[in-house]
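Structure, as structure tokens:
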Amino acid sequence: MEPFVGAVPATESAPVPASTPASAPSTTPIRATPLPVRLLDAALDLLLPAACVGCGVARTQLCPDCRGQLTAAEPLRARPAHPPPGLPEIYAAVRYGDPARQVLLAHKERGALRLAAPLGQALALAVRAAFPATPRQERPLLLVPMPSTTHTTRARGHNPTLRVARAAASALRGAGVPTRVVPALRHARAVADQSGLDAAARQRNLRGALTVHAHRTRLREGHVLVVDDLVTTGASIVEATRALAEAGADVLAGAVVAATQLRD
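For what it's worth, UniProt numbering labels the leading residue of the sequence shown as 1, then goes sequentially.
Here you go:
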């Protein structure tokens with residue numbers, strides 16, 4: 001699920017040390033999917049013919065052009081029309097629109113699991129923009145994915161945000177950035193469907209909806225970033241930040257694959 005170069009990914013449940021030896025900042029770029037994995041993808045596309053989810057070109061799940069558009073631009077600050085109080089800085093790899101929209105939907109709703117790899121690369125770029133390497137990065141980056149409800153995860157058959165976060169962490173580790181995924185959040189209560197709700201209604205709907213259910217100690221041992229696939233109003237990231245802060249975590253920023261509005 002995490003076809004990236006670099007060391008074998010650390011087990012996400014492994015304890016994170018309080019500090020790691022100081023080192024110079026990594027300038028290693030986040031590398032493209034390695035050749036063996038791309039060859040495997042090509043073979044699978046031949047065996048299981050498909051159309052590109054981004055543009056419809058035949059016989060490939062994601063064509064090179066659409067794949068490149070996910071990571072071609074410099075990540076930018078997300079800028080909701082009415083930023084809610086408590087919103088941290090958020091960086092997005094791309095503006096929400098095709099082909100990113102189609103890739104996100106295919107991965108999330110249609111179970112196109114191999115798309116986690118290119119989406120993870122895009123998210124990794126947003127993370128690097130939100131927290132660039134420092135001369136003495138003694139603590140790892142801790143990516144806290146927005147949680148899905150148990151019902152939603154069962155209905156989809158997977159947890160898309162967690163899957164993309166793990167792919168992003170693998171890409172970052174391959175670039176020399178110590179990174180872990182910490183799935184610390186869960187829903188404390190039911191929430192209404194967010195579709196059709198304006199920014200204020202989304203804030204009311206989500207207020208108090210999330211809680212930290214695990215990894216409280218680990219959250220104090222690294223640089224915490226909330227990650228998600230998409231940001232629209234920012235209400236979800238505000239609620240995640242609140243819950244994490246109550247658990248003693250210091251959320252530095254948010255990072256997403258796509259945002260509906262970006263600061264040009």
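Backbone N, C-alpha and C define an ideal beta-carbon position, used for all residues, glycine too.
Quick caveat: nothing in here was measured; it's all calculated off a predicted structure.
Judged by DSSP in its simplified three-state form, Thr179 adopts strand.
By the neighbour-count definition (other C-beta atoms within 10 Å, threshold 16), Gly254 is a buried residue. Gln102 and Val53 have their alpha carbons spaced roughly 6 Å apart. By the CB criterion at 7 Å, Leu123 and Leu262 fall outside the cutoff.
Rounded to the nearest whole angstrom, the C-alpha separation of His213 and Arg156 is 22 Å. Under the 10 Å beta carbon count, Arg163 is surrounded by 16 or more other beta carbons and is classified as buried. Sequence-distant partners of His82 (beyond 5 residues in either direction) whose C-beta falls short of 6 Å from its own C-beta, in its chain, are Ala199.
Following the DSSP letters along the chain, one finds Leu252 inside the beta strand (DSSP E) bounded by residues Val251 to Ala259. Positions of the beta strand (DSSP E) runs, each at least 3 residues long and wholly inside the segment 104 to 184, are given as 141 to 145 and 179 to 181 in order along the chain. Bridge pairing for Thr60: absent [DSSP].
Arg207 is the residue among Arg207, Val227 and Val144 whose C-alpha sits nearest the C-alpha of Pro85. For the pair Ala184 and His215, the CB atoms are nearer than the 7 Å cut-off. Judged by DSSP in its simplified three-state form, Val191 adopts coil rather than helix or strand.
Of the candidates Asn205, Asp98 and Glu89, Asp98 places its Cα closest to the Cα of Cys55.
Following the DSSP letters along the chain, one finds Thr241 inside the alpha helix (DSSP H) bounded by residues Ala235 to Glu246.
Take the alpha-carbon of His223 and the one of Ala58: they are about 42 Å apart. In this structure, Arg186 lies away from Thr233, with their beta-carbon atoms at least 7 Å apart. For Glu109 and Val231, the gap between their C-alpha atoms comes out near 17 Å. In the DSSP annotation of this structure, the continuous segment of the beta strand (DSSP E) that includes Ala93 starts and ends at Ile90 to Arg95. A Cβ-Cβ distance of about 7 Å is found for the pair Leu104 and Leu119, placing them in contact under the 8 Å criterion.
With respect to the 7 Å criterion, Ala249 and Leu210 are not classified as neighbours on the basis of their beta carbons. CA-CA distance, Thr217 to Val182, rounds to 11 Å. DSSP lists Arg186 as the beta-bridge partner residues of Thr211.
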